[in-house]
Each structure stands twice: as structure tokens, then as C-alpha cells.
Amino acid sequence: MAFFAPLSIGRQALLASERAIGVTGHNISNVNTPGYSRQTPLLHASRPDDLGFGTGVQMSSVVRSVDGFLEARQLASSSSLGGATTGRQLLDRLQSLFPVGDEGVGTALAEFFGSANGVANNPQDLATRNELLESGVTLAGQLRNAAGGLQVLQREADQRLGQAASEANATLQNLAQLNAQIIAAERGGRETNDLRDQRQVALGELARQLSIQVVEVESGGVNVFAASGQGLVIGTDAATLATELDPSHLGLDGNPLSRIGITARDGSVINLSGDIGGSVGTLLALRDTTIANDAASLDLLATTLRTAVNAVHTNAAGRDLDGVVGTDFFSGTGAADFRVAITDPRKIAAAQGANLADNTNALALVAVAQQTFPALGGATLSGYFGTLQSRVGQQARSAEASLAIEENVSASLAAQREAIAGVSLDEEFTNLIRYQRAFQAAAQMINVSNVLLDDLLGLVS
Amino acid sequence: MVGRVTERTLIADFTTAVSRLRRQQADAQNALSSQKRLREASDDPVGAARSTALRGETRELKAYDESVGLATTTLGAEDGVLGEVHDILTRAREIAASLSGGLATPEARQTAAEEVTELERGLLSLANTKVAGRYIFGGLTTTGPVFASLDDVGFTPATAYSGPATPFSVQTARDETVRVTSNGGDVFASSLQALDDLRQTLVAGNEPTANLTPLENAAEDIRQERASVGGRLARLQTRDLEIGNAILTAKTLLSDVEDADLTETITQLAQVQNALEATLTAGTSLLQTTILDYLRL
Chain A
0 MAFFAPLSIG
10 RQALLASERA
20 IGVTGHNISN
30 VNTPGYSRQT
40 PLLHASRPDD
50 LGFGTGVQMS
60 SVVRSVDGFL
70 EARQLASSSS
80 LGGATTGRQL
90 LDRLQSLFPV
100 GDEGVGTALA
110 EFFGSANGVA
120 NNPQDLATRN
130 ELLESGVTLA
140 GQLRNAAGGL
150 QVLQREADQR
160 LGQAASEANA
170 TLQNLAQLNA
180 QIIAAERGGR
190 ETNDLRDQRQ
200 VALGELARQL
210 SIQVVEVESG
220 GVNVFAASGQ
230 GLVIGTDAAT
240 LATELDPSHL
250 GLDGNPLSRI
260 GITARDGSVI
270 NLSGDIGGSV
280 GTLLALRDTT
290 IANDAASLDL
300 LATTLRTAVN
310 AVHTNAAGRD
320 LDGVVGTDFF
330 SGTGAADFRV
340 AITDPRKIAA
350 AQGANLADNT
360 NALALVAVAQ
370 QTFPALGGAT
380 LSGYFGTLQS
390 RVGQQARSAE
400 ASLAIEENVS
410 ASLAAQREAI
420 AGVSLDEEFT
430 NLIRYQRAFQ
440 AAAQMINVSN
450 VLLDDLLGLV
460 S
Chain B
0 MVGRVTERTL
10 IADFTTAVSR
20 LRRQQADAQN
30 ALSSQKRLRE
40 ASDDPVGAAR
50 STALRGETRE
60 LKAYDESVGL
70 ATTTLGAEDG
80 VLGEVHDILT
90 RAREIAASLS
100 GGLATPEARQ
110 TAAEEVTELE
120 RGLLSLANTK
130 VAGRYIFGGL
140 TTTGPVFASL
150 DDVGFTPATA
160 YSGPATPFSV
170 QTARDETVRV
180 TSNGGDVFAS
190 SLQALDDLRQ
200 TLVAGNEPTA
210 NLTPLENAAE
220 DIRQERASVG
230 GRLARLQTRD
240 LEIGNAILTA
250 KTLLSDVEDA
260 DLTETITQLA
270 QVQNALEATL
280 TAGTSLLQTT
290 ILDYLRL
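Chains A and B, in that order, are what the protein sequence lines are. Read in numbering that gives the first Met the number 0, the first sequence has 60 at position 61, and its numbers run on one by one without any break. Read in numbering that gives the first Met the number 0, the second sequence has 195 at position 196, and its numbers run on one by one without any break.
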């Protein structure tokens, strides 16, 4: 046994404890860092000497507590949560276009036919006729408001796509850089725990925007693919997401909507295909399906209302206060341009035949309220609106419910991750004391070795 | 439940619980202040459609109520007028009866002729009765008069009526319309003719015996019309009650769909309040306790 062995063992123990205290300190200081995984120093006995005597302790590496399966599940949950959050925000605003209570299309519709009955009761009275015109204007305004709100919402969903793409691009660049740093560090034999944590956070951010699949390769880098299999990050290369106006796909406001895809080498945009997922997937579904369908239903309601009312109003037997056949009451092609076409209350054709005091045509107008239409699935106008309102409410309600579910799932996964990777201050302080004691003992050992050495040198002198 | 609980888990649980409870608190508070359970369609999608339907129904019922009001006023006025016309015919018949039998002097016939002329004027004036500017025996038209004056050149009872021929009806239910007016020309045709004939007979100095039957028949016609008006009035009264009840029912149903149950909401609020206080108390004491409190480093 070498004479200086205790000194060297003490020195190594001191070093190992010091580094372990360093790791503990790193854990403590990152207690609130998002995505940080707690690290544990791996200590092992160093190689025995030729005679098999122990030579002390060595810190071989620092390991990061993670669960790969959990991380994959968290990424999937991020996508669902991102989609649900976006869905909730937009659908909540969608349903505010169809308010419950005294405002909105439903009430305006009832008011309109109520006023028509007023004209039927008093066909020659200009004030009553004016009231019918006013309630027609209100109804038209409510229809235009709802249709305009849908247009704005669809445009917003479209613009949010562009935002999502640019946010995703920043993350993709970041991922490619982190990949490069991790590959270089691992090649040089350095620890990459913190870089990997950062990369996992970046993957989570990307997953909020769209569903991704992550494959780790031997070099330490990860390849990231969209759900369609299109590559987003391959090693140190990041793809660029881009949005481009598509002239063949017009929005409710008549202007082109964007398509989102990956920029190819020649600058063209290759569409993201398949089940895109995440916030982008939800935006596309809302923009192209939910909002478009609701707008179509509203248009159908407006068109049916316009056709039915105009048919009665332009009835060849109908007469206005001047004894003339009525003209179109409502104008427009859908809900967005729905207007009352006449401004003069005398032009309301309430009578049929020469008798201007007659109310037959006004009664026919009132009867439109009870008419059922095959185009509306056999419903009345107000019945159809009620169905539309209920559908929009149901959509908002499901969005609320799925957000709550996704939040719960995400919270539960976060708790599971925290159980494995989270820093517990109680633990860290306990470890701190452990390593402090070990450090103190190692120092004491060096002290003892020093005394022994002194004694020995004393013998020589 | 997870195995290893860190401070962050505790903090995350705490903040999630507090924010959830705060949200419930705000929701209950909102329900209390608005007294509404249904504030947006997502609160109850089926209820939202139902609320829209009930509001529409209420508005529709109010429209019927207005129609019933108009019809009741008009028919009531018609009833009064028909009563007075019947009195006129009775008086005319009395005159005719008293002058029959050849005992009357030409002077008496002349005086009677003048009275009958006034009666006929009165009848025409009654036939031109307006309610709110609308001729109740002229299809509720505002343009009139619908009956010519006795002083008009070429007046004949048969052509006296110039108002609309079509009656005026109002909608009092989805599948019920009530006729409010009758063709004034038809209603008063026999009375005017009988009265006019009597006048002519008396002016010519003839005996009015032959006029008795037409006068009696005219009075019968008026009684029939009055019975018809009375029948419609009775139906309208029933309908008025029906509408009142239906509006009340719709309002009750609307309240069931839309309004918050105050007792339930207040109880909920109290429960949330309790849970929130408990969470805050537990959270503050738990989160403040760490190993640091017991270590002397």
C-alpha cells in the first residue's frame, strides 16, 4: 500500500463530495425552471489497486431522471391541449354571435312577424307600417351582424395560422440548434442533461402548434416529423413552415384564405396533409368546417326568409297603399348583404285586391312565420334558427369540456413527470447535508493523513 | 396519485384548485347578479333553442292579443250600433203601425215622413260609425264615408254602400282567424230599403201597411247580425283568457329554462366559499413548511 494513498483517497472523496454538492446546488437553483429534470450524481468506488485495495470514490456521471414514454405522452397531450385552447377561445366568441335573450336574430325574427301582424290589424296606418319596416331593418341588421361576425372570426382563424407558423418556425430553428449542440457535446463526451431538458421544452412548444412525432437517433439528435410524416427537423436542419394565400380557396368575406405548408427548396409551399392536430389543426377545422358550416346555415336561413317574404310581398294580387303590386321586401343574396329593400311604408303590400283597407296579404306575411320549409329540414324559420343556435352552443360547450379534459390530462401528466423529474427541496437539503458530512469527513481524513506525514517526517529529522 | 410529491406539485395543485374554485365562485356570483342560469348558448344548448322558441311564442301570443283587442273593440262597437239600428227600426215600425188602417190624416203622415227621414239619416250616420278613424261597417277602411248621404243626388238604398266588399279578419291564433267586419251594404240592405220605402210611402201620402212586414224582416236581419257579432265576441273573450294563460305558461317555462334557482345558487356559492377557504388555509400552512424550518445549517 502506497504511503500517500489515504491522502489521495481523501482528496478524491473531497472532490466527489464537492461535485455532488455542486449537482445538488444545480438542482436547488433550478427548482422553478420549466422543463428541468432533477440530476443525480452517480458515485462509484474507483478501480482497486494492484493488490485489490480500494482507492476511494469517483463520480462517473450525472444522470437526469426522465421517462421517455411519459415525455412522448406529454407531447401528444400538448398538441391536444393546444388545439382545445384555441378551439375554446374562438368558439366562445362564435357563440356570442348567437346570444340568448332579447338580442339576436331569434328575437328579431319574432318581432318582425309580430309587427307584420300589427299591419294586418291596421293596414292603412302609416305608423304601424313604419314599425314593420323598422323591425325588418333590425332583423336584417342582426343577420348581417352575425354573418359579419362569422367573417371576422374566419379571417382571424386564418391570420392565426400565420402566427402559429412563425412561432413554430422559431421553435424549429431552436430545435435544430439544440440538436447541433447536443451532438457536438456528446461527441466530446460532455454531459447534455440541461440541453436535453431545453430541447424537450422546445418540442412541447412545437407540439402545441401541431402534432409531432419525435425519433431520437444515435448521435443524440432528434428527428421531428409532422403527423403526415413530413420532416420538420432532421438532425441539424430545420424546415420552414409558411402560409400562402390560396386564390382557389375563398373565405366568407370573398378574399382568399391561406394554406399552410412546408417551404420546399424551390420556394413553393407543400401543404401539410393528414390529421395536423394541435392549434394549427383546430384553426383549420374551425375555419374550413365549423365557421363555414354555421355561415352556410345562416345564409340558408336568410335566403329562405327572403324568398318566402318576397313571394308573399310580390304576389300579383297584393297591393300597396297606392294600389300597386308590391316589390321585393328584402334584398341580398345571403345573410351578409341582407337588407330591407323598401323605405317607403306606403310600399308595403298589405292588401289584396282593390280594397286598400284589406289585410289579406299582411295575414299571408304573418303566416310565413308558421310555414315549414323542406330546405330547412321541415322546420320553421325560427325553429331552424333555434337549431343553429343550439348547435353553436353545443360546439362551444364541447370545446369547453374538451379543454377541461385536456387540462386535467396535462396536469396529471405534469404531476407524473414532477414525481420522476421534479426537484424536491426536502430531498435536496437532505442530500446537501449528506454530501456536506461526507466532505467534512474527507477533510478530516486529509487532516489525519497530514498528521501522519508530519509524524513520519519528524522521525527523519 | 403519484408517488413522489415535490413542492412544485403542491404549488401546481394549489394554484389549480384555487383557480378552479375562483372560476366556480365567479360563475355562481354571475348567476346570482344576473339571476340567470342561461347566459350563453353553451350553458345549456338545448335550453338556448328552447328559450328562443319560447320568446318567439310569447311575441306571437302578444300579437294575437293585440288582434283580439282590436277585434273586441270593433265588434263591441258594432254591437252597440246594431242595437241602436234595431231601436230605429222598432220606432219606424211603430210609426208605420200607427199610420196604418186609413185613419191617419195627411198632416200626420207628413209629420211622420219627416221623422222617418231623420230615422233614415240616423241609420246612415250609424252605418258610418268610425272607431279610431276606421269605418266599422266598411271593412275597417279609413277612407269614407262608406254610406252615401240621403241628400246625395240619385241616392238609392241599394247603391248607398260604396265601401269595400271584403270583410276584415284578424289572426287570433295560428289556425284561427276571426272576421271583425261584415259587408255594411249587406248588413243594412234590408233596413235601409225598408226605411226608405216607408219614407217614400209616407211622402207620397200612402198608407204604410205593406211596409210593416219588410220592417219586421229588416229588424230580424239586424238581430241575426247582432247574434253573430255576439257569438264572435264571446269566442274572443275565451280566446283572450286562453292567450293570457298561454303567455303565463310561456313565461313560466322561460323562467324554468333561463332563471337561476336562487336557493341552489346561494348554496353552491357557500360551498365554493368553504372549499376555497379550506384550500387557502391548508395551502398556506403546507407550502410554508419545508425542511429548512428544522435545519440549522
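Positions of the beta carbon are idealized from the N, C-alpha and C atoms, including for glycine.
Measure from the alpha carbon of residue 383 of chain A to the alpha carbon of each residue in A/139, A/52, A/92 and A/301, then state which is nearest.
-> A/301
Answer with yes or no whether the minimum CB distance from residue 288 of chain B to chain D is below 7 Å.
-> Protein chains in the displayed structure are A and B, and chain D is not among them.
As assigned by DSSP and simplified to three states, the class of residue 341 of chain A = coil
DSSP three-state assignment for residue 246 of chain A, whether helix, strand or coil | strand
Enclosing beta strand (DSSP E) for residue 269 of chain A [first to last residue] = 268–270
Which residues of chain A have a Cβ atom closer than 9 Å to the Cβ of residue 192 of chain B, listed in chain order?
-> Ordered by position in chain A, no residue passes the 9 Å Cβ test against residue 192 of chain B, which lies about 24 Å from the chain.
Just grab the DSSP bridge partners of residue 41 of chain A for me.
-> A/60
Proximity of residue 388 of chain A and residue 51 of chain B at Cβ, strictly below 7 Å | yes
Residue 156 of chain A classed as buried or exposed, judged by whether at least 16 other C-beta atoms fall within 10 angstroms = buried
Is it buried or exposed for residue 337 of chain A, if we count other Cβ within 10 angstroms and need 16 for buried?
-> buried
Presumed contact (8 Å Cβ cut-off) between residue 205 of chain A and residue 238 of chain A, rounded CB distance | Not quite, the Cβ-Cβ distance comes to about 11 Å (not below 8 Å), so this is no contact.
Got a sec, what are the start and stop residues for the alpha helix (DSSP H) residue 120 of chain A sits in?
-> 104–120
What residues in its chain sit with their C-beta under 7 Å from that of residue 21 of chain A, if we drop five residues either side in the sequence?
-> none
Whose CA, out of B/90, B/43, B/275 and B/168, lies closest to the CA of residue 197 of chain B?
-> B/90
Measuring CB to CB, does residue 448 of chain A end up less than 7 Å from residue 24 of chain A?
-> no
Considering residue 262 of chain B, what are the terminal residues of the alpha helix (DSSP H) in which it resides?
-> 261–287
For residue 300 of chain B, which three-state DSSP category applies?
-> This structure cannot settle anything about residue 300 of chain B, because the visible part of chain B is limited to 0 through 296.
What in chain A is Cβ-close to residue 250 of chain B, meaning under 9 Å?
-> None at all; the shortest Cβ gap to chain A is about 14 Å.
Cβ-based neighbour list, residue 340 of chain A, same chain, cut-off 8 Å, excluding 5 preceding and 5 following = 326, 327, 328, 329 and 330
Classification of residue 305 of chain A by the beta-carbon crowding that lies within 10 angstroms, buried from 16 upward | buried
Close beta carbons around residue 0 of chain A, own chain, < 8 Å, minus the five adjacent residues each side = With a pLDDT of 44 at residue 0 of chain A, under the threshold of 50, the modelled position of this residue cannot be trusted, and the question is left open.
With burial defined as no fewer than 16 other Cβ atoms inside 10 Å of the residue's Cβ, what is the status of residue 119 of chain B: buried or exposed?
-> buried
Note down, in chain order, every chain B residue with its Cβ under 8 Å from the Cβ of residue 357 of chain A.
-> 138, 163, 165 and 167
Using a beta-carbon distance below 7 Å, is residue 16 of chain A in contact with chain B?
-> no
Which residues, taken in chain order from the region 58–70 of chain B, show a beta carbon closer than 7 Å to some beta carbon of chain A?
-> 58, 59, 61, 62, 65, 66 and 69
Assigned secondary structure, residue 235 of chain B (DSSP; H/G/I helix, E/B strand, else coil) = helix
Check whether residue 58 of chain A and residue 12 of chain A have beta carbons under 7 Å apart = no
With 16 as the cutoff for other CB atoms within 10 Å, does residue 288 of chain B come out buried or exposed?
-> exposed
Please state if the CB of residue 229 of chain A and the CB of residue 259 of chain A are separated by a distance shorter than 7 Å.
-> no
Residue 177 of chain B versus residue 228 of chain B - alpha carbon distance = 11 Å
What distance in whole Å lies between the Cβ atoms of residue 201 of chain A and residue 170 of chain A, which are believed to be in contact at a cut-off of 8 Å?
-> 5 Å
When the distance is taken between beta carbons, is residue 316 of chain A closer than 7 Å to residue 273 of chain A?
-> no
Inter-stretch contact at 8 Å, needing at least 3 Cβ pairs: the region 265–281 of chain B / the region 40–51 of chain B | no
DSSP three-state assignment for residue 0 of chain A, whether helix, strand or coil | Residue confidence is low: residue 0 of chain A scores 44 on pLDDT, short of 50, so the model does not pin down where it sits. Its coordinate-derived value is still stated next. Three-state result, residue 0 of chain A: coil.
Counting contacts by CB-CB distance shorter than 7 Å, is residue 77 of chain B in contact with chain A?
-> no
What does a CB cutoff of less than 6 Å around residue 5 of chain A pick up in its chain, not counting 5 residues either side in sequence?
-> 448
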